[in-house]
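Everything below concerns the one structure shown next.
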Amino acid sequence: MDCVVTGGNVKVLAKAIHSLSRIGDELYLEPQEDGLALRSVNSSRSAYACFLFSPLFFSRYTIPLGHAFRCKMAIKCVQAVFRSLSSLEKTVEKCHIELGGEKSRLTFTLHCKHGLLKTHNLSFQDSESLQAVFDKESCANMLRAQPRLLVDTVLHFPPSLDEVSVSVSGERVCFRNHVDDEAEQSKAMLTELCLSSDEFDHFAVGAQTSITFCLKELRGLLVFAESTGLPVSMYFDEPGISIYCFPCSIHVNFVLATLSDDSNLCNHNNNTKRARSPPPPDDFMTDDIDSYLIAMETSELAGPSDALAPRSPSPNHTLTTPPSVAMRRLETGEEEEEEDTEDTERPPNKKVSFVVKGSGSPLPPP
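Residue 138 in UniProt numbering sits at position 138 of the sequence shown; the count goes up by one each step and never skips.
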């Protein structure tokens, strides 16, 4: 693998890595024919992000034909390569990313002004490929807004806030801080901001929806979108949200799990008892986990990932989710034991997906 990033795109790559550092502790790197994929997922599988940089983003992008490679490394190590974002654009002329056939290190070389070279040799581990399960085509609602509008909105919430609720109607979108316990709502400070449909570049709501998800990862996405000047498009319905930025030589996918409200849970249970419908085909684990998970597709390479470390084929496997927060999952060949009737009546949990697309050249404000 041999990649060269030049000019302002070095800062875009650095901002992408810093955004991924808000998601998880490990960086998954996978060179593909359609571009370089950088992924991260948090330990509870409630947040997932993927940046796909197309070959147009690089001044040189070369990968061996028929040679698949996937690896992961500590994201703090990669973040240290691009430590100072403010001085990066002024001092670094290009970044060279290389994986030689005889090396067990991934090399980042920063070509700075006055002929100064900074070389970072990072160790890595072989890894599986992660992919969140989400279908944006099934979403009934679509919003598009400039990132500054959303940044100004989330600034009203304190940095310590973990979760935010978003509800939409035919004429407006409301953001509200989420309080877990109903008994604490009388004591907690509630903040709610409503945006009119006129403030959006595009506003199409086919179904009124209310979802709750983590705010930390959304802040990271908005910082990246604002720095590149790209509009943010949101596709969402009951399963979750997708956010897209255009144009298209950077493709970024953020997926966040969302909470199900109690009213939906009661309505679903009542409807299930009346219709006496059979349980869903997916069985869920019985562990009590106080977090919500995202359905993930994980697959191992069937062959060697590099010239030094051949590996035996590994079957595809799927990460499953607990009953309290069921997500859409990929079907596996193994059959699981049936759960109690009370567990199978729980509704599927919602999910949030964020996707960013951007230009490979320096990005002017829209």
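In this text, a Cβ means the ideal position worked out from N, Cα and C, and glycines have one as well.
For residue 109, the enclosing beta strand (DSSP E) begins and ends at 105 to 112. Residue 237 is positioned such that its CB atom lies no closer than 8 Å to that of residue 257.
Scanning its chain for C-beta atoms nearer than 6 Å, with the 5 sequence neighbours on each side dropped, one finds around residue 95 the residues 5, 10, 110, in chain order.
Residue 205 sits in coil when the DSSP states are folded into three classes, being neither helix nor strand. Closest in C-alpha terms to residue 126, from the list 147, 116, 104, 144, comes 104.
Contact between the segment 153 to 163 and the segment 112 to 132 is not established, with fewer than three Cβ pairs separated by less than 8 Å. DSSP places residue 150 in the helix class (H, G or I) of the three-state scheme.
Sequence-distant partners of residue 13 (beyond 5 residues in either direction) whose C-beta falls short of 6 Å from its own C-beta, in its chain, are 5. Within the segment 28 to 79, the runs of beta strand (DSSP E) that reach at least 3 residues and sit entirely inside it are, in chain order, 35 to 41, 47 to 53, 60 to 62, 71 to 74. In this structure, the beta-carbon distance from residue 22 to residue 220 falls below 8 Å. In this structure, residue 175 keeps its C-beta atom at 8 Å or more from the C-beta atom of residue 163. DSSP lists 174, 210 as the beta-bridge partner residues of residue 167. Proximity of the segment 48 to 68 to the segment 23 to 38 meets the contact definition, three or more beta-carbon pairs being nearer than 8 Å.
For residue 222, the closest C-alpha among the options 54, 252, 108, 165 is that of 252. Residue burial annotation: residue 171 is exposed, with fewer than 16 other C-beta atoms found within 10 angstroms of its C-beta. Contact between residue 224 and residue 15 holds, with the beta-carbon distance rounding to 5 Å and staying under 8 Å.
For residue 218, the uninterrupted alpha helix (DSSP H) segment begins and ends at 215 to 228. Here residue 195 is not near residue 166, since their CB atoms are 8 Å or more apart. Of the other Cβ atoms in all chains shown, fewer than 16 fall within 10 Å of the Cβ of residue 189; this residue is therefore exposed. The C-beta distance from residue 72 to residue 124 rounds to 7 Å, short enough to meet the 8 Å contact threshold. Residue 80 counts as exposed, since fewer than 16 other C-beta atoms from the protein chains shown sit within 10 angstroms of its C-beta.
The continuous beta strand (DSSP E) containing residue 120 extends over residues 117 to 123. Remark: C-beta atoms of residue 250 and residue 108 do not approach each other more closely than 8 Å.
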